[in-house]
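Mind the numbering: the sequence shown is residues 60 to 231 in our numbering, read in order.
Each residue gets a CB set at the ideal place from its N, CA and C atoms; glycine is no exception.
I have placed the structure first, in the form of structure tokens, so that the comments after it can refer back to it.
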Amino acid sequence: MNDAVSNAYKRTFEPLGVVKSEGIDGHLNTLLANSKAIFKVTTNTVAMHRLSADWRERLFKQIDSLLDADEWDENDKPIVSGSSQTFIRMLIFLNARRPGLGATSDGSLIATWTTGENRLTIICKPNDWVRWVVSTRTDSGCETAAGQTKIARLPIVLEAYSPQQWFSDGGR
């Protein structure tokens, strides 16, 4: 990260209480803390009227756990802000229940939903792009499919797999 960007992060997140530490471990801690802060600010800015405070709080606990410095591989990038924005916009657009979370080594959020033997995994990329993989049990066995699309088309491309099983939200 160049000095100008690093200094901008410091100025932006000092009021949020991000702890600055020295050394490689401290740098990773700062990057992860900044990633958490960006996610939380993005969520509260975009979704404060669409997702209940309790719903957001539970989501934030998931993010805190995911971005735990003690568990994070130092070779992986923290979650990038574009992925966070796509993730939150996707949840709102789909009116989705809270998913399980993961991360790719390049800093993208992974959202997962499981209903019985049926699974949906979505990798959130910047600019509303998502990569998806679905695995469903049918009368003839296990069926899998994958693709890449924009959030707005996701319900259409997943329609054959009854996406409401994953997106119907009982927790809002």
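Problem - Boundaries of the alpha helix (DSSP H) in which Ser143 is found, first to last residue - result: Counted from its first residue, the sequence shown places residue 143 at position 84. Run containing Ser143: 140-153, per the alpha helix (DSSP H) assignment.
Problem - Rounded separation between Arg231 and Leu110 - CA only - result: What you label residue 231 is simply residue 172 of the sequence shown in a count that begins at 1. What you label residue 110 is simply residue 51 of the sequence shown in a count that begins at 1. For Arg231, the predicted model reports a pLDDT of 40, less than 50, meaning its position is unreliable and no value from the coordinates is stated.
Practice task
For Ser143, collect the residues of the same chain with a Cβ closer than 7 Å to its Cβ; drop the 5 residues on either side in sequence, then sort them by chain order.
Solution key: By one-based count along the sequence shown, residue 143 stands at place 84. Excluding residues within five positions, the ones whose Cβ falls inside 7 Å are Ile97, Phe98, Thr101, Leu168.
Practice task
Closer than 7 Å by C-beta to Ile182: which residues in its own chain qualify, once you throw out the five before and the five after it? Chain order, please.
Solution key: Locating residue 182 in the sequence shown gives position 123, counting from the first residue. If we look at Ile182 and ignore the five residues flanking it on each side, its Cβ neighbours are Thr163, Ser167, Ile169, Val189, Arg190.
Problem - Own chain residues within Cβ distance below 8 Å of Leu118, not counting five before or after - result: To locate residue 118, count along the sequence shown from 1; it is residue 59. Contacts found: Thr102, Leu110, Arg157.
Practice task
Go to Thr112, then tell me how far its alpha helix (DSSP H) extends in each direction, as first and last residue.
Solution key: In the sequence shown, the residue the question calls residue 112 occupies position 53. Checking the sequence shown, residue 112 turns out to be Ala, not Thr. Element bounds for Ala112: 112-125.
Handout entry: Residues bridged to Val100 (per DSSP)
Key = As a first step, residue 100 must be located in the sequence shown, where it is residue number 41. The partner list for Val100 (beta bridge, DSSP) is empty, contrary to what the question assumes.
Practice task
For Ile215, count neighbouring C-beta atoms within 10 Å of its own C-beta (all shown protein chains included) and say buried if the count is 16 or more, exposed if not.
Solution key: Sequence index remark: in the sequence shown, residue 215 carries index 156 (1-based). Around the beta carbon of Ile215, fewer than 16 other beta carbons sit within 10 angstroms, so the residue counts as exposed.
Exercise for the section: Select from Met107, Asn177, Lys136 the residue whose C-alpha is nearest the C-alpha of Ile147. Expected result: Position 88 of the sequence shown, counted from the first residue, corresponds to residue 147. Nearest C-alpha to Ile147: Met107.
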